[in-house]
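Colleague: One structure follows; several queries about it will come next.
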Amino acid sequence: MAEGFDPYHKWLGIPPAEQPPHHYRLLGIAIFESDPDVIEHAADRQMAHVRSLATGKYAQYTQKLLNELAAAKVCLLCATEKAAYDQELRARLGATQATGGRAVSIAGSEHPAVLVEAAHLPVSPGQTPPLASVVPAADQGATSQPSVPVADVQPAGVPVFAPRVSPTARLRRSQRASWLLWSCGVGLLLLGGVVAALVIRSNPDVAANLPGGDKQPPHSVSSNQQGNASTNRPVTPEHTSLPPGGESVEQQVIRLVAQLKGRVVRAPRGGPVVRVDLAGRSAAGGEVLKLIGQLSELRDLALNGTGVTDSDLMHLSTLAKLEKLHLGATAVSDDGLKYLQPLVALRDLRLPFTRVTGAGLEYVARCERLQVLDLTSVELRGGHVQQLARLPRLR
């Protein structure tokens, strides 16, 4: 943070040890809270508090926090997104069991946990041996920080010590491993030779370029092969669907989304990409949307809390099968909504905390299959409501 200022700590009371915070910590509610009213009121309270600081010395941090709070609210109020997020958060916070006295790393906490051995504690006859416990390790001279709640963590069992191995057995194992490595090396060399032979045999051009080979003009046919043709003509190489870089559109999307720390979901059995989640990734913009607009099978696109603008939405007008689109907490305005008219399959549209006014709803009203429309913070008037009445399936 510039000038050493930490808005998470100063404004929301989230210490550096718990940053970056998960959605529940950001909203100041219990982890895995399931009551929508609690979530919504907490989000509104936090956002109102941050907005009150928009005119202070550190006003430049307020928009970033508002985007993150809006993204957390949208995610936790959507049942399907909340379930996926909770599953991912539980996996991130889950502690792995360890044997001996080795440290156990718990995701979501900056302090490693140390497994305290209980095998050597005195046990009276008939008493169950005590289990090992997990104790957070703190830096010397530093005050302890409250630990982040961890769900579904089971206590580690009694440490199991490996039996002693005699030198003879260890030597045999070493010899067996060396023989196995040698055999694998020979097998790889033989496999490489077979592959090279097949390539040379199937492609004469490769053989012609080898030392001592007869060089022939590449991609040419003789007059006998062309019938009555008297001269040789170059053969036009076949077109390929891959771009010059060698990556397909889906591969480029997956790579860019991974760089932005987003998520991509494919259809079962290695099918096409059907969902892209870039929520809260402020760096996402026109570059990645140009490629996403070419995913013809895309069904779900989350762009809430990103840097998307009106002009970026023109790349999405080709997504004829898109069913869900989240644009909350972005700079999208009424001008950008006109690019959503071709989205005939759209049934879930989220526009909370955007620059959209009621005037732009005439474009939304043309999405006849729309069932869910989130217009939080949008001021509606009588004429705007009449336009939405044209949507027969809107709930």
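Numbering-wise, my numbering comes out as the position in the sequence shown, counting from 1, plus 1082.
Yeah, the Cβ is synthetic: ideal placement off N, Cα and C, and Gly gets one too.
Report the residue from L1159, G1267, L1171 whose alpha carbon sits nearest the alpha carbon of R1432.
Modeller: For R1432, the nearest C-alpha among the options comes from L1159.
Colleague: Following the continuous alpha helix (DSSP H) through L1377, name the residue where it begins and the one where it ends.
Modeller: That residue, L1377, is in no alpha helix (DSSP H); it is neither H nor E in DSSP.
Colleague: W1261: buried (16+ other C-beta within 10 angstroms of its C-beta) or exposed?
Modeller: W1261 should be labelled exposed.
Colleague: Looking only at its own chain, which residues have a Cβ that is under 6 Å from the Cβ of K1406, when we skip the five neighbours before and after it?
Modeller: Same-chain partners within the cutoff: D1382, D1430.
Colleague: Relative to the C-alpha of L1457, which candidate in H1408, I1336, P1424 has its C-alpha closest?
Modeller: Ranking H1408, I1336, P1424 by Cα distance to L1457 puts H1408 first.
Colleague: At the level of alpha carbons, what is the spacing between S1116 and L1151?
Modeller: Distance between the alpha carbons of S1116 and L1151: 17 Å.
Colleague: Cα-Cα, which of L1470, A1166, L1360, R1437 is closest to R1451?
Modeller: Cα-wise, what sits closest to R1451 is L1470.
Colleague: Assuming R1542 contacts T1388 under a Cβ cut-off of 8 Å, what Cβ separation, rounded to an integer in Å, is found between them?
Modeller: No answer is possible for residue 1542: the residues shown for the chain start at 1083 and end at 1477.
Colleague: Could you tell me the alpha carbon to alpha carbon distance between V1454 and P1474, rounded to whole angstroms?
Modeller: Taking the straight line from one Cα to the other gives about 11 Å.
Colleague: Can G1367 and V1390 be called in contact, C-beta distance under 9 Å?
Modeller: In this structure, V1390 lies closer than 9 Å to G1367 by Cβ.
Colleague: Roughly how far, in whole angstroms, is the beta-carbon of V1370 from the beta-carbon of L1338, given that I think they are within contact range, below 8 Å?
Modeller: Contact holds; Cβ gap of about 5 Å.
Colleague: So what does DSSP say about H1091, is it helix, strand or coil?
Modeller: DSSP places H1091 in helix when its eight states are reduced to three.
Colleague: May I ask which residues mark the beginning and end of the alpha helix (DSSP H) holding Q1172?
Modeller: First, the amino acid is wrong: residue 1172 is Arg here, not Gln. 1161-1175 is the extent of the alpha helix (DSSP H) around R1172.
Colleague: Can I1025 and I1096 be called in contact, C-beta distance under 9 Å?
Modeller: With the chain running from 1083 to 1477 in the structure shown, residue 1025 is simply not present.
Colleague: Put K1406 into one of helix, strand or coil per three-state DSSP.
Modeller: In this structure, K1406 counts as strand in the three-state DSSP scheme.
Colleague: Buried or exposed for H1123, going by 16 or more other Cβ atoms inside 10 Å?
Modeller: Under this definition H1123 is an exposed residue.
Colleague: Put A1384 into one of helix, strand or coil per three-state DSSP.
Modeller: Correct three-state label for A1384: strand.
Colleague: Please classify D1456: does DSSP put it in a helix, a strand, or coil?
Modeller: Strand at D1456.
Colleague: Going by C-alpha to C-alpha distance, which of G1465, S1459, Q1468, R1477 sits closest to A1130?
Modeller: Comparing Cα-Cα distances from A1130 to each of G1465, S1459, Q1468, R1477, the minimum goes to S1459.
Colleague: DSSP three-state label for L1401, please.
Modeller: It is coil, neither helix nor strand.
Colleague: For V1446, which of helix, strand or coil comes out of DSSP?
Modeller: In the structure shown, V1446 sits in a helix (DSSP, three-state: H, G or I).
Colleague: From A1099 to R1477, what distance separates their C-alpha atoms?
Modeller: For A1099 and R1477, the distance between alpha carbons rounds to 43 Å.
Colleague: Along the beta strand (DSSP E) that carries R1345, what are the first and last residues, could you check?
Modeller: Counting along the chain, the beta strand (DSSP E) containing R1345 begins and ends at 1345-1348.
Colleague: Apply the 10 Å Cβ neighbour rule to K1343 and answer buried if 16 or more other Cβ atoms are within range, or exposed otherwise.
Modeller: That one is exposed.
Colleague: How would you label L1147, buried or exposed, when you count the other beta carbons within 10 angstroms and need 16 or more for buried?
Modeller: Looking at its Cβ environment, which holds 16 or more other Cβ atoms inside 10 Å, L1147 is buried.
Colleague: DSSP three-state label for R1283, please.
Modeller: Three-state result, R1283: helix.
Colleague: Look at D1392 and S1415 and say whether their C-beta atoms are less than 9 Å apart.
Modeller: Yes, the Cβ-Cβ distance between D1392 and S1415 is below 9 Å.
Colleague: Under 6 Å Cβ to Cβ from L1462, same chain only, skipping five residues before and after it: list those, please.
Modeller: Around L1462: G1440.
Colleague: To which residues does DSSP link D1417 through a beta bridge?
Modeller: DSSP lists no partner for D1417.
Colleague: Express the C-alpha separation of D1417 and T1137 in angstroms, rounding to a whole number.
Modeller: Whole-angstrom Cα-Cα distance: 28 Å.
Colleague: Measuring CB to CB, does A1361 end up less than 9 Å from V1156?
Modeller: Yes, these two residues count as a Cβ contact at 9 Å.
Colleague: When burial is assigned at 16 or more other CB atoms within 10 Å of the CB, is L1270 buried or exposed?
Modeller: Answer is exposed; the Cβ neighbour count stays below 16.
Colleague: Just the C-alpha distance for L1401 and R1174, rounded to the nearest angstrom, thanks.
Modeller: Going by the C-alpha atoms only, they are around 33 Å apart.
Colleague: For V1356, does the three-state DSSP call read helix, strand or coil?
Modeller: Looking at V1356 - three-state DSSP - the assignment turns out to be strand.
Colleague: Could you tell me how far apart the beta carbons of A1153 and A1125 are, in whole angstroms, since I believe they sit closer than 8 Å?
Modeller: Not a contact, Cβ separation roughly 10 Å.
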